[in-house]
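One structure is given below, encoded as structure tokens.
4 protein chains.
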Amino acid sequence: MFFASDNWAGAHPAINERLLKESTRFAAAYGTSELDLAIEQRFNEIFEREVSVFFVATGTAANSLALASLAKPGGVTFAHSEAHVIEDECGAPDFFSGMRMSPVDGPHGKMDPRHLVSRIARYPQDAVHHGRATAVTMTQATETGTIYTLDEIEEIARISHEHGLPLHMDGARFANALVNLGATPAEMTWKRGVDVLSFGGTKNGCWCAEAIVFFDPAMAKELPFIRKRSAQLFSKSRFIAAQFEAYLQDDLWLDLARHANAMADRLRAGLNGSNTARLAWETRSNEVFAVLPKATAKAAGEKGAKFYDWLEPKDMAEPVSEQDVLIRLVTSFATTPDDVDAFLRLVAAG
Amino acid sequence: MFFASDNWAGAHPAINERLLKESTRFAAAYGTSELDLAIEQRFNEIFEREVSVFFVATGTAANSLALASLAKPGGVTFAHSEAHVIEDECGAPDFFSGMRMSPVDGPHGKMDPRHLVSRIARYPQDAVHHGRATAVTMTQATETGTIYTLDEIEEIARISHEHGLPLHMDGARFANALVNLGATPAEMTWKRGVDVLSFGGTKNGCWCAEAIVFFDPAMAKELPFIRKRSAQLFSKSRFIAAQFEAYLQDDLWLDLARHANAMADRLRAGLNGSNTARLAWETRSNEVFAVLPKATAKAAGEKGAKFYDWLEPKDMAEPVSEQDVLIRLVTSFATTPDDVDAFLRLVAAG
Amino acid sequence: MFFASDNWAGAHPAINERLLKESTRFAAAYGTSELDLAIEQRFNEIFEREVSVFFVATGTAANSLALASLAKPGGVTFAHSEAHVIEDECGAPDFFSGMRMSPVDGPHGKMDPRHLVSRIARYPQDAVHHGRATAVTMTQATETGTIYTLDEIEEIARISHEHGLPLHMDGARFANALVNLGATPAEMTWKRGVDVLSFGGTKNGCWCAEAIVFFDPAMAKELPFIRKRSAQLFSKSRFIAAQFEAYLQDDLWLDLARHANAMADRLRAGLNGSNTARLAWETRSNEVFAVLPKATAKAAGEKGAKFYDWLEPKDMAEPVSEQDVLIRLVTSFATTPDDVDAFLRLVAAG
Amino acid sequence: MFFASDNWAGAHPAINERLLKESTRFAAAYGTSELDLAIEQRFNEIFEREVSVFFVATGTAANSLALASLAKPGGVTFAHSEAHVIEDECGAPDFFSGMRMSPVDGPHGKMDPRHLVSRIARYPQDAVHHGRATAVTMTQATETGTIYTLDEIEEIARISHEHGLPLHMDGARFANALVNLGATPAEMTWKRGVDVLSFGGTKNGCWCAEAIVFFDPAMAKELPFIRKRSAQLFSKSRFIAAQFEAYLQDDLWLDLARHANAMADRLRAGLNGSNTARLAWETRSNEVFAVLPKATAKAAGEKGAKFYDWLEPKDMAEPVSEQDVLIRLVTSFATTPDDVDAFLRLVAAG
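Spelled out as structure tokens, the structure:
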């Protein structure tokens, strides 16, 4: 019953197998091997256009270096107020990019377009005192389990581009959003206006596979130097490439995300039918937020269920009562129906 | 015949096996799992004292974050003029630490203590215009295949500490130096005055395992924040821990280094007995520098031998002639005697 | 009728006279002259204890370097959401300190202590993902013309220190607040818990005189290097010292601030008695915020009155109507009663 | 007998007078007043083309921000090994630009073009590990009193541009070089290939007047934000403008530099004719380096002469003996013939 986070899961056997095969060979270092180049080509196919791809060690690195590549002195980047870049990266995006992250409100992890417009208006291009609007970053799927529709992405992109701002997408759970929307990678990104993507594999079955994807290679020209100076260029880079090869092979990545989402559906259905618990808000990805009695949560924890308490957001329709607690449950490629059912039984037991 | 670098090798089977085992489990993320903690304990044993250990993604990260933890505003760090931190890390140590790297000369990759003293003297502690001496970093084994003796380490440490400067050791090839000296990890580090160590596993059989080791845990208190802000905290950190577990088990790491050094010895012996080639200077680790006719090098390359041409250092006893070329050959845990012999035959063929 | 800002004023004759005298002498550079040292001593007297004083070029520099001296990696500084460090310094405090500025709400420029507590709680000292609470900065007088009482300062300081956070005060308009409260410099700072002060002279009659004042010299030990590395060490530093000498002589600085405040009082009284305009909210320093018909504001502007339109804050008791506009009026040491009366006549004219 | 540095001098009466006049007026802040704009126009005339001008607080700021405007990630800037940006600015150029300063050798403060070429060659444009050559900076007049000829400037510029590198000139003593060469400002800069200039007025009679001058305004487009974020935008900027107005009026700046140089000539002549002292090397600006008996130097110091001991450079034709000492003497606009003669008498006294 490991629902603490999808990064508590291990690695998928197909990915392990590919790593094993890679381990017995010699090959060129620092991302110049044939395998590295082949995987870059594979990203072109996945995204249906020529892209520039850069492997890095962590999702925080992907976000931070992507934003660094868009940075200007005095720049301000707009992100949802609960975004990972604001709340969970210890200031790394600010450190690497030299920009400030400016919070944009909106219900359940999604930026409200009107609020985005009003925030951007505070930082006009000649505002030497305020600083200037420079980039927008959105998270798909969001930190709170919701998913932007394709039209919503396009709306954020339209606003960004109208103000001359490139749009970055934090795709730590890219696949979970993609399979939910039934869209292609191209449709969920550049076809709707996304300029740069943090493409995460770690949470979805790799053990360490994160990439920055530029849809306009011209925007990527500083990234090789930014990456090296940021200590993010792996010498044995091909072991990242190998993970991505297996991950992208025969739609494995989509299958893994579908499985994680299905496990979350099973949780959602079970909690919806529960007498003791309720869903805190509607989610669609592999994250589920539930309100349940503190005693129930405590008992479940004591019986081995792993999950985190969550800070109550400002916009809860029905606030969390004194007796209750808000928790986050995350499923992964490795979650089993038995895990889910065991947890639901604990909840039902009250 | 892969002699380009030890980071062209793959990963050792024992390490793969341990990774496979790890991949089927769930465990806490971000370095808080039982395995992470167990490996930290293992480092205590290896170094015979309580140390603080931090895993990072690359050797550049280990060096840069170690120096960042020692940094002061206006600080200057002293390193050999051919050190990795100066020549091969794209300014990452400067970027993360905010310090300048000041070059110290010395024959074949080892700092001349007298020159170190005179460089430090240029940056007194109240020298607000020059900047102030703040740290010293040495590389063991060096970039040019040589190895500081224990007494030489102690001499560098003595000078550093006399001036109030902590001493960092870049141990990307720590094991290769260790087995050559026949010393214990403690003897080659804190017992001789080293304060912080970049402990590299990647070049010696892991696929990605680098650690920063503080011999005084009090010096490490900022590192958790420095690491996270630097985007170097792995979510599935335990996969680094797993590599280190296998690496340190039953002296595997020392055996792998002994093998690499032995292969270099075989190369050295062969080249010493050669009519066409000569050793450029004496080395003791798994790096060999040879001078051979350009035509011979070219022919060897065409027959599949991989190596890099090397920039002639200022202090070559016998300069490289017009007809000749200076090359670097690096052996690894995966180099075979057959590889070495095949290469030597190509050289002998002229 | 120059009410755009107090930094539109020139310099006071007594300050000019002192500068003239200084200009004919030779003296040691970079803050080491006898005059520099004498002025440092003068600050000790003004603040009734041994302080450490550092001259810098701008108020933004004073704030940024003060915060840089308090910084930790991953650090977060709390400031009112409308504070100069957040809104008007182009990210300089973030750039120099490496910290993020976290906004705290509160009516009319003053941090609400309860909101400060809840913001600090978001960043506990071991929160490697969020970042950690590191410093608090408050503005006295505030950006919106209000003034913290001594008890309010003490309350902010108490909260800060309870959480181990040093308290910085942005005193760009320090003197204006001081004379309004009738307090001594010591009473408005360290006696109530302020640790570091940006002491501004430029807006109150100097042409360029800003200082960072540390009430605990031990906290200042990195500042000489921070300042030099930040390009803020004047070679002819004694010309700053000379301005401060005249400024602090015979309470000139207090007289100038009293005058500016009195001119603001005259404005406030006039606007309060006006049929056409009203005070937007109550202020006590040399800043006045007024709501008046757009046509009236336009006409006044056309007749030479200088002032800025102001963004309507969220917490206006009586919102600004469509026909009206919110403006800011700032008086200075150089404002005359005639200026004020001329402006009031324009307003009365409608 | 103040020969310690030209920044020990005060300010010229004409500049004071202009400041006095400015102090009685109100005017727009932050560099937007009519006077600020008029002085920008004046720089166009002085340099015979449209330039972009930015006032900053210190020469270190001028150099650092100029280089920041040329910076690229992983960038390397080449400067003479004794340049102010390397030796005397506490790492500020590195801090603001994020680039490393790479030392180029050459006799007496002037970069040897061949050595510059070989240094640039170490950092090719695709050298992600080394870092990449990004800018060149030269000092005119140099730190050691010498002056690049126009042809020498052109040669440095040619090499820079051949490698795609913009050329910055540190003109802290611009005027002293200019009058020595008998060139126009245009001839000593953009007509010979200089792209950006630190134009110093402080050492030559202002009390604080430093400017960055871009000869191609397109290169300056980030500077307004860089300057504000660097805390270098003066609120009462027009007091810098006022100094420059007087400084540039009726060739005052050239007259002041001619005077300083003439005083240095007088020193040089006197020392050349001395039995006790000798010139350490030939200089042409307002700096003189002399070798004299330690006892003589000590005696002169005790009688009130101010000067600094100097570190013996590697390339002294005739080394400094044990009995002797190398000193630096700097003249300024305020040095009198009597000062010089008094000093020479002390030297003659032995």
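Residue numbers (my numbering), protein chains in the order written: chain E, 168 to 517; chain D, 168 to 517; chain Y, 168 to 517; chain Z, 168 to 517. Positions of the beta carbon are idealized from the N, C-alpha and C atoms, including for glycine.
Simplified DSSP assignment, three categories, for residue i
i, result
"R425 of chain D", "helix"
"V478 of chain E", "At residue 478 of chain E the sequence reads Leu, which differs from the Val that was named. DSSP places L478 of chain E in coil when its eight states are reduced to three."
"S219 of chain Z", "strand"
"V354 of chain D", "Sequence check: residue 354 of chain D is Glu here, not Val. E354 of chain D falls in the coil class under three-state DSSP."
"D337 of chain D", "strand"
"R495 of chain Y", "strand"
"H282 of chain Z", "helix"
"R267 of chain D", "strand"
"S236 of chain Y", "helix"
"M386 of chain Y", "helix"
"G367 of chain E", "strand"
"V295 of chain D", "coil"
Bounding residues of the alpha helix (DSSP H) (the contiguous stretch that carries residue i)
i, result
"A390 of chain D", "The sequence given here places Leu at residue 390 of chain D; Ala does not occur at that position. Looking at the DSSP string, the run of the alpha helix (DSSP H) that includes L390 of chain D is 390-396."
"E207 of chain D", "201-214"
"T463 of chain D", "461-469"
"F169 of chain D", "It is not in any alpha helix (DSSP H) - F169 of chain D carries neither H nor E in the DSSP assignment."
"I379 of chain D", "Counting along the chain, I379 of chain D falls outside any alpha helix (DSSP H), though it belongs to the beta strand (DSSP E) covering 377-381."
"L332 of chain D", "Segment: none, L332 of chain D is in no alpha helix (DSSP H) and carries neither H nor E."
"H251 of chain Y", "251-254"
Residue i to residue j span [Cα, whole Å]
i, j, result
"L317 of chain D", "S402 of chain Z", "58 Å"
"T227 of chain E", "E485 of chain E", "33 Å"
"L423 of chain Z", "R433 of chain Z", "15 Å"
"A467 of chain D", "V514 of chain D", "7 Å"
"G273 of chain Z", "D476 of chain Z", "22 Å"
"V458 of chain Y", "E310 of chain Y", "17 Å"
"H247 of chain Y", "L511 of chain E", "45 Å"
"A378 of chain Y", "S365 of chain Y", "6 Å"
"E217 of chain Y", "Q208 of chain Y", "8 Å"
"N230 of chain D", "P240 of chain D", "18 Å"
"I324 of chain Z", "R289 of chain Z", "Note on residue identity: the sequence assigns Ala, not Ile, to residue 324 of chain Z. If you take the alpha carbons of A324 of chain Z and R289 of chain Z, they lie about 18 Å apart."
"E212 of chain Y", "Q416 of chain Y", "12 Å"
"I326 of chain D", "Y414 of chain Y", "49 Å"
"S200 of chain Z", "S404 of chain Z", "8 Å"
"G349 of chain E", "A342 of chain D", "51 Å"
Spatial neighbours of residue i in its chain, beta-carbon cut-off 8 Å, leaving aside the 5 residues before and after
i, result
"L234 of chain Z", "T244, V252, P260, F263, S264, M266, A302, T304, H335"
"F214 of chain Y", "P352, A353, T356, W357, V380, F382"
"T443 of chain D", "L459, P460, T463, V514, A515, G517"
Host beta strand (DSSP E) of residue i (start-end)
i, result
"F401 of chain E", "From DSSP, F401 of chain E is part of no beta strand (DSSP E); its letter is neither H nor E."
"R185 of chain E", "Counting along the chain, R185 of chain E falls outside any beta strand (DSSP E), though it belongs to the alpha helix (DSSP H) covering 180-190."
"A530 of chain Z", "Only positions 168 to 517 of chain Z appear in the structure, and residue 530 of chain Z is not among them; the question remains open."
"T316 of chain D", "That residue, T316 of chain D, is in no beta strand (DSSP E); it is neither H nor E in DSSP."
Residues of its chain near residue i, where Cβ-Cβ distance is below 7 Å and the 5 sequence neighbours each way are ignored
i, result
"D491 of chain Y", "V458, L459, P460, K461"
Sequence-distant residues of the same chain with beta carbon closer than 6 Å to residue i, five excluded per side
i, result
"G177 of chain E", "none"
Checklist line | Contact set between the stretch 257-289 of chain Y and chain E, restricted to residues whose Cβ is under 7 Å from the partner | finding: Look at the stretch 257-289 of chain Y: the residues with a C-beta under 7 Å from a C-beta of chain E are C257, G258, D261, F262, G265, R267.
Notebook entry, point to check: Of all the residues that make up the stretch 305-327 of chain D, which are near chain Y by a beta-carbon distance shorter than 8 Å?
Noted result: Here the close residues number zero.
Next item on the list: Output, in sequence order along the chain, the residues in the stretch 391-410 of chain D whose CB is closer than 8 Å to any CB in chain E.
Entry: Within the stretch 391-410 of chain D, F392, K395, R396, S397, A398, Q399, L400, F401, S402, K403, F406 place their CB atoms closer than 8 Å to a CB of chain E, listed in sequence order.
Notebook entry, point to check: Got a sec: which bits of the stretch 364-385 of chain Y sit with their beta carbon under 8 Å from any beta carbon on chain Z, in order along the chain?
Noted result: T369, K370, W374, C375
Note to self: So if I threshold CB-CB distances at 8 Å, which residues from the stretch 353-364 of chain D count as touching chain Z?
What the structure shows: none
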